[in-house]
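In the numbering used here, the protein residues as written are 103 to 415. No residue lacks a Cβ here, since even glycine has one placed at the ideal position from N, Cα and C. These numbers come from a predicted model, not from an experiment. Comments concern the structure below.
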Amino acid sequence: MEEFTHTSAPVRAAYSYCEAVTGTQARNFAYGIRLLPADKRQAMSALYAFSRRVDDIGDGLLGEAVKRDRLEGTRELLGRIRDGAVDEDDTDPVAVALADAAHRFPIPLDALDELIDGVLMDVRGETYETWDDLKVYCRCVAGAIGRLSLGVFGTLPGARGGERASEYADTLGLALQLTNILRDVREDASSGRTYLPTDDLAKFGCTDGFQRAIPPSGADFTGLVHFEVRRARGLFAEGYRLLPMLDRRSGACVAAMAGIYRRLLDRIERDPMAVLRGRVSLPGREKAYVAVRGLSGLDARHISRKAVRRRVR
């Protein structure tokens, strides 16, 4: 693995810790960021490790009050990082790594505040009446990650449409999150969570019993899934406009991560009922194949051709 030669041993150790967290807990994410140069890869690992800490608080077995307190404690830590009050002697490796990454890259740390806000929505057990309501949540927990990542990637000088790069990164985050929601229908239902908009559930007769991930008799669950897949595909098509604005390796990272989720979406579309039987996933060899396609630029060119055909139609 490439190493920094200009950082101290404590900072290198902090990054190593974050990379270990990423490698063991974020298989899809890790496949993408391994395509990046060392400084960007480690900054992305620091972002993931902090985000994972926030998610783990929200998903834990603690009571609501304790979760709120811990999330606000994490927000205070973020404030210290933002204010430059964390140095290499801090005992929290995630804070050390994120502080160093924020010093090296123009990372919009306020987006991590949005992530905390999104997890607080989970803690409160919020549900969503419409897609517009759900978009607010998705922008907090996923669109924010897209914008944070863009801070690490940067855009090519003079990139056409570069002023919209943050918007495209946000939209790509929404596409990934909606794919996650479809993939995790059963797991979320077992935890008492329903993310799909109430209006959409009602439209396909899936409201009653959905908390148990058992569509009622006569429900058009397949129609519901296909409806949400089409929505996710539209978000992917819009978000992929970001790719030409990135350098080759950053673009490859984005194409790989998004490509994995697009293939998950393909599987879900082919067999909608699979999400009720368990978590849909890709084998490691297929993820590696997607990563290679991303590095070669094949996925980006394929998506661009599809976008052109869509506009022509």
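Ranked by how close their Cα comes to the Cα of Ala334, the residues Leu276, Lys305, Gln144, Arg372 have Leu276 in first place. In the assembly as shown, Ala140 is an exposed residue. Its beta-carbon has fewer than 16 other beta-carbons within 10 Å. Contact between Leu258 and Leu337 does not hold, since the beta-carbon distance rounds to 23 Å and is not under 8 Å. The distance from the Cβ of Phe207 to that of Ser352 is about 12 Å, inconsistent with a contact at the 8 Å cut-off.
Nearest C-alpha to Leu200 among Asp224, Leu344, Lys142, Asp290: Lys142.
Across the set Pro385, Glu330, Ala204, the C-alpha of Ala204 shows the shortest separation from the C-alpha of Gly181. Of the other Cβ atoms in all chains shown, 16 or more fall within 10 Å of the Cβ of Met359; this residue is therefore buried. The Cβ atoms of Thr232 and Asp301 lie closer than 7 Å to each other. The continuous alpha helix (DSSP H) containing Cys240 extends over residues 233–240. Residues of the same chain with a CB within less than 8 Å of the CB of Leu344, apart from the 5 flanking positions on each side, are Leu252, Ala267, Tyr270, Ala271, Leu274, Val356 in chain order.
In the displayed model, Cys355 falls within a helix according to three-state DSSP.
Straight across, the Cα-Cα distance linking Pro385 with Asp161 is about 25 Å. When rounded, the separation of the alpha-carbon atoms in Tyr117 and Ala291 is 35 Å. Beyond the five residues adjoining it in sequence on each side, Gly245 comes within less than 7 Å, by CB distance, of Asp272, Gly275, Leu276 in the same chain, given in chain order.
Ala213: member of the alpha helix (DSSP H) spanning 212–226, first to last residue. Looking only at Ile135, Val168, Gly125, Glu190, the smallest Cα-Cα distance to Thr109 is reached by Glu190. Taking a cut-off of 8 Å for Cβ pairs, the segment 115–134 and the segment 160–176 do not touch, as fewer than three such pairs fall below it.
Counting only unbroken stretches of 4 or more residues, the alpha helix (DSSP H) elements lying wholly within the segment 111–150 are 111–127, 129–135, in sequence order. Distances from the CA of Arg262 to each of Thr296, Leu348, Pro112, Ala354 were compared; the closest alpha carbon is that of Leu348. Here Leu211 is actually not in contact with Cys242; their C-beta atoms are around 15 Å apart, not less than 8 Å. Around the CB of Met375, fewer than 16 other CB atoms lie within 10 Å, so the residue is classed as exposed.
The continuous stretches of alpha helix (DSSP H) do not include Phe306, and DSSP gives it neither H nor E. Remark: C-beta atoms of Ala304 and Leu250 do not approach each other more closely than 7 Å.
Annotation: Asp158 to Gly380 spans about 21 Å, alpha carbon to alpha carbon. Linking Val221 to Thr229 through their CA atoms gives a straight-line distance of about 13 Å. Here Val327 really is in contact with Leu284; their C-beta atoms are around 6 Å apart, less than 8 Å.
Out of Arg288, Arg364, Ile362, Val198, the CA that lies nearest to the CA of Ala151 is found in Val198.
One Cα belongs to Ala354, the other to Asp310, and the distance between them is close to 43 Å. With fewer than 16 neighbouring CB atoms inside 10 Å of its own CB, Val168 falls in the exposed class.
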